[in-house]
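Pasting the structure below:
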């Protein structure tokens, strides 16, 4: 008679731990990329700027969408884990409404704070693009406008109306009709999209 196999087919604790770890790791990596130049400002020379291509801009959009999804899923997993291990609830008694709200609002708030702090979204950092604000005004306000004209606006519309898909299509089209590929964020904030190795025109966070 053969010995029983020493493995588990399904374990909720393992799923929660592994999923949470993977998602938190992905989010942490995105944040470190976003803060790379602030922590190590001399890690690469500001020479050899590249053009802002449609491919780079679309890649930035995809990265923003992925970061939104990952943060939402991670926040939902964390909410359920908290209810199970801290509130001592069974899976049948989980507050799904609470988890749903946390999953929706956590990405909106966290990605918004990152954009306000650095002037760029996760996607902008990932493809090394930035918006130059050369016409004066509040750079913090311009960063907020860019966020609401991009991934932030998409999330807000998804919370209150079914118009988020139309907004996504409009954002996609705007990349092709704007000269610098800045799309709606650049157009509405009156900022110019450029490679982040280009000379810095202002010393505010929103232009870095």
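In the numbering used here, the protein residues as written are -8 to 199.
Beta carbons: idealized from backbone N, C-alpha and C, even for Gly.
- Between residue 58 and residue 112, the C-beta gap is smaller than 9 angstroms, which places the two residues in contact.
- In the displayed model, residue 134 falls within a helix according to three-state DSSP.
- Per DSSP, the continuous alpha helix (DSSP H) segment holding residue 115 begins and ends at 113 to 117.
- Under DSSP, residue 121 shares a beta bridge with 185.
- 71 is the residue among 71, 44, 177, 143 whose C-alpha sits nearest the C-alpha of residue 83.
- Around the beta carbon of residue 190, fewer than 16 other beta carbons sit within 10 angstroms, so the residue counts as exposed.
- Out of 131, 150, 144, 68, the CA that lies nearest to the CA of residue 159 is found in 144.
- Judged by pairs of C-beta atoms under 8 angstroms, the stretch 79 to 93 does not touch the stretch 141 to 156, as fewer than three such pairs exist.
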